[in-house]
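Going line by line, the protein sequences match chains A and B. Residue numbering for the first sequence follows full-length UniProt numbering, beginning at 1 and increasing consecutively. Residue numbering for the second sequence follows full-length UniProt numbering, beginning at 1 and increasing consecutively. In what follows, a single structure is set out as structure tokens and then discussed.
2 protein chains.
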Amino acid sequence: MSIRKVAARAGVSTATVSRVFTQPRAVADETRRRVMTAAEELHYAPHPAASALARGRTCNLGIVVPDVSNSFSAVVTKAVDRQARREGYALFVAGSDEVVHDEEASARALAQQVDGLLLVSPRMPDDALLALADMTPIVMLNRLLDGIPAVLTNLYEATGHAVEHLHALGHRTVVYLAGPDGYANDVRLRGFRDACSRLGMEASELGPFAARFQAGVRAADLVLAASVTAVVAYNDEIAVGVVNRLSDRGIGVPSDISVVGFDDTELAEMVTPRLTTVRIPAAMAGTAAVELLLDLVRGRDAGLASPRELSAELVVRSSTGPARVAPDTGQDPAP
Amino acid sequence: MSIRKVAARAGVSTATVSRVFTQPRAVADETRRRVMTAAEELHYAPHPAASALARGRTCNLGIVVPDVSNSFSAVVTKAVDRQARREGYALFVAGSDEVVHDEEASARALAQQVDGLLLVSPRMPDDALLALADMTPIVMLNRLLDGIPAVLTNLYEATGHAVEHLHALGHRTVVYLAGPDGYANDVRLRGFRDACSRLGMEASELGPFAARFQAGVRAADLVLAASVTAVVAYNDEIAVGVVNRLSDRGIGVPSDISVVGFDDTELAEMVTPRLTTVRIPAAMAGTAAVELLLDLVRGRDAGLASPRELSAELVVRSSTGPARVAPDTGQDPAP
DNA sequence: ACACAGTCTGCAAGCGTTTACAGTCACAGT
DNA sequence: ACTGTGACTGTAAACGCTTGCAGACTGTGT
Chain A
1 MSIRKVAARA GVSTATVSRV FTQPRAVADE TRRRVMTAAE ELHYAPHPAA SALARGRTCN
61 LGIVVPDVSN SFSAVVTKAV DRQARREGYA LFVAGSDEVV HDEEASARAL AQQVDGLLLV
121 SPRMPDDALL ALADMTPIVM LNRLLDGIPA VLTNLYEATG HAVEHLHALG HRTVVYLAGP
181 DGYANDVRLR GFRDACSRLG MEASELGPFA ARFQAGVRAA DLVLAASVTA VVAYNDEIAV
241 GVVNRLSDRG IGVPSDISVV GFDDTELAEM VTPRLTTVRI PAAMAGTAAV ELLLDLVRGR
301 DAGLASPREL SAELVVRSST GPARVAPDTG QDPAP
Chain B
1 MSIRKVAARA GVSTATVSRV FTQPRAVADE TRRRVMTAAE ELHYAPHPAA SALARGRTCN
61 LGIVVPDVSN SFSAVVTKAV DRQARREGYA LFVAGSDEVV HDEEASARAL AQQVDGLLLV
121 SPRMPDDALL ALADMTPIVM LNRLLDGIPA VLTNLYEATG HAVEHLHALG HRTVVYLAGP
181 DGYANDVRLR GFRDACSRLG MEASELGPFA ARFQAGVRAA DLVLAASVTA VVAYNDEIAV
241 GVVNRLSDRG IGVPSDISVV GFDDTELAEM VTPRLTTVRI PAAMAGTAAV ELLLDLVRGR
301 DAGLASPREL SAELVVRSST GPARVAPDTG QDPAP
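Right under this line is the structure:
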């Protein structure tokens, strides 16, 4: 089942067979048909490794995500997979489990055998990223670094909207539940702090927490001890953990405490109360990232200039509501 | 950065460099050190495609899942990714979106460039599977076919337990919400039917539904029209959709209707009420599947004999409870 | 008739590794 | 001194495909 057998059977040279599969129009109709027939009869399919070796490209892409089973990552991956396949590329996936070392190792390993690499919320140091970018084209999601194309969202503003929303509901003391260190957390945190100080709200922070449900459950008790009326959580999973634990302890959401999440994963609509959350267009980001990446792969120098920015937006549902009169914080609202 | 440059720099032949990377102990210490130094200085790393071509193996595995962003698939994928990496393999992922044709196409495409393939709940016809198995070693999850190794769960029994559980709670009319056609649905359905008839329960079926939340929402109204007191749903997502919609319509779960899901995804603990569900050990299945696959790849003919069976079990939570007196079904219980 | 362009095909040299085989060398045994 | 052994290294032929180059052929314009 090598190209030679097919060539022999069709009575042509291997070059012709190769052309039939890579540039069909360069071959006469009659010849092409003969070759195709022979190929089918022999169940021939070109050998990807050989092809990759000869052409210097693999027609494979790779994606490295923090957590394969995280809903946000999964949605991104799904979109990427879809778009990649549509463009004729197969997709490697690797999860780093938030471990920087593994992330870097996986990325380097994949870099060898792909035409381009997608890094979702990478946490490795800048120079590691630049080194990677030297090996293969890369595009990042949710990370900013000069010289590396990226797809971002206006999360800073959207976080501000979330805080404004809480402020408008009468909340004056808010806590931010941090996720794993990194750009993704930084931008949320900055948006949170800036908005709070702009609006004169009392802002505090807890964490970092793992971006998981159980971490949220754990966080809830800390939140309660912090005497706040509102919580902004790093992502939906943490937010849901908080909500569940609060409910278990008899604290009403949003009657006693309001909770805001991030991502707008499917989860947000499934839990009770439905989660107010900052929607990040994960699927769109995945698709856009693949397009950007393929532009690079194909030599168009798009995107290096300025990162592509998508719009995140606050989705108000039922986990946020009017603030209760603040618990004994010792300070009254306006006189 | 080819092996030749390294060889030149280290003053040895390419064969020696190659050996340093593939069978280090076949090279004298001193030589090995020289080669390593040269390699590092040149940032050399072996070219995977060339290596694959020469050795006939790629050190890549592939997995095809019905839906990348589905929680169950994602957990399996995560475990597979982890185990594969641990064994020195990179992982291709492809989602079929439940489309049989895409599933088969993806699988065939991947089969070319992997040492082995994992098929999660494949829905393609038997002969397509056998054809695939001719191209590359494959292992299936949640599908049974003579001659192809698989990892299964005793879902038939576990489904029986779910029905018994409902029966014990006094339920006599149950509906099963079917998922996409295929083995996974079949085994649930058989377990459901058999248990119902064994226990003398009135069983009905609706569907098939897509294995998604929204499909469950839609199903809920059909359930209500069917005048049953209990529901067994194809998976957790559908179950949660049902629960949510029922709640929205003022129907209590479990006070009015009990709901059972499948998979025991993280979701099950996050929603209100927490979901009674049949736990399928997804991560364990993924890990086991990789081990089985690698046994095959490495030539051990394990697993062909009988599929590896893991145990699924009913996890009782709060979405099931004592049956209400049945609505006007026109028939009384025992006289 | 002849030159020329255009279309199609084949030749053969890679692409970067691996590995069977053979060669070299040092050393131990006789 | 000679052979045998083992440890190490090099030679060179694959692996299966791509592609620049050139040759063969057909048809057109003059």
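We put the beta carbon where it would ideally sit given N, CA and C, even for glycine.
CA-CA distance, A:A210 to A:P180, rounds to 6 Å. In the structure shown, the three-state DSSP call for B:M140 is strand.
When only Cα atoms are considered, A:A226 and A:L246 end up about 13 Å apart. In the same chain as B:R279, and ignoring 5 residues on each side of it, the C-beta atoms closer than 7 Å to its own belong to D264, A312, E313, V315, in chain order. Legend: CB atoms of the stretch 238-260 of chain A lying less than 7 Å from CB atoms of chain B belong to residues V240, N244. Beta bridge pairing from DSSP links A:V99 with no other residue. Per DSSP, B:L117 is not a residue of any alpha helix (DSSP H); the beta strand (DSSP E) it occupies stretches across 116-120.
Leaving aside the five residues that flank B:A133 on each side, the residues in its chain whose CB is nearer than 6 Å to its CB run, in chain order, I148.
Membership of A:G62 in the beta strand (DSSP E) is indicated by the continuous run 60-65. In this structure, DSSP gives B:L169 a state outside helix and strand, which the three-state scheme calls coil. Looking at the backbone, the Cα of A:V17 and that of A:V35 are separated by about 6 Å.
Look at A:T229: its C-beta is not under 8 Å from any C-beta on chain B.
Runs of the beta strand (DSSP E) spanning 3 or more residues and lying entirely within the stretch 244-306 of chain B occur at 258-263, 276-279, in chain order. DSSP links A:R57 through a beta bridge to no other residue. Among the residues of chain B, those whose CB is under 9 Å from the CB of A:L110 are A90, following chain order. In the DSSP annotation of this structure, the continuous segment of the beta strand (DSSP E) that includes A:S204 starts and ends at 202-206. Pairing B:N154 with B:F262, the inter-Cα distance amounts to about 13 Å. Put simply, the CB of A:E266 is near chain B, with a gap under 8 Å to one of its CB atoms. When the beta-carbon positions are compared, A:D81 and B:G95 come within less than 8 Å of each other. Along the stretch 265-288 of chain B, going in chain order, the ones with a CB nearer than 8 Å to a CB of chain A are E266, L267, E269, M270, V271, T272. In this structure, the CA atom of B:H47 is about 18 Å from the CA atom of A:L91. DSSP, read as helix, strand or coil, puts B:R9 in helix. When C-alpha distances from A:V93 are compared across B:A74, B:E103, B:R108, the shortest belongs to B:A74.
Within chain B, A49, A50, L53 have C-beta atoms less than 7 Å from the C-beta of A:L53, given in sequence order.
B:V27 sits in coil when the DSSP states are folded into three classes, being neither helix nor strand. At a C-beta separation below 8 Å, A:A94 has these neighbours in chain B: D81, R85, A90, L91. For B:V17, no pairing in a beta bridge is given by DSSP.
Contact check between the stretch 100-118 of chain B and the stretch 265-285 of chain B: fewer than three CB pairs, one atom from each, fall below 8 Å, which does not count as touching.
If you draw a 10 Å sphere on the C-beta of A:A38, you find 16 or more other C-beta atoms in it, and that means buried. A:E103 sits buried, since 16 or more C-beta atoms from the chains shown fall within 10 Å of its C-beta. In the same chain as A:V290, and ignoring 5 residues on each side of it, the C-beta atoms closer than 6 Å to its own belong to V80, Q83, A84, in chain order. Nearest to A:E41 by C-alpha distance, out of A:M1, A:S51, A:S13, is A:M1.
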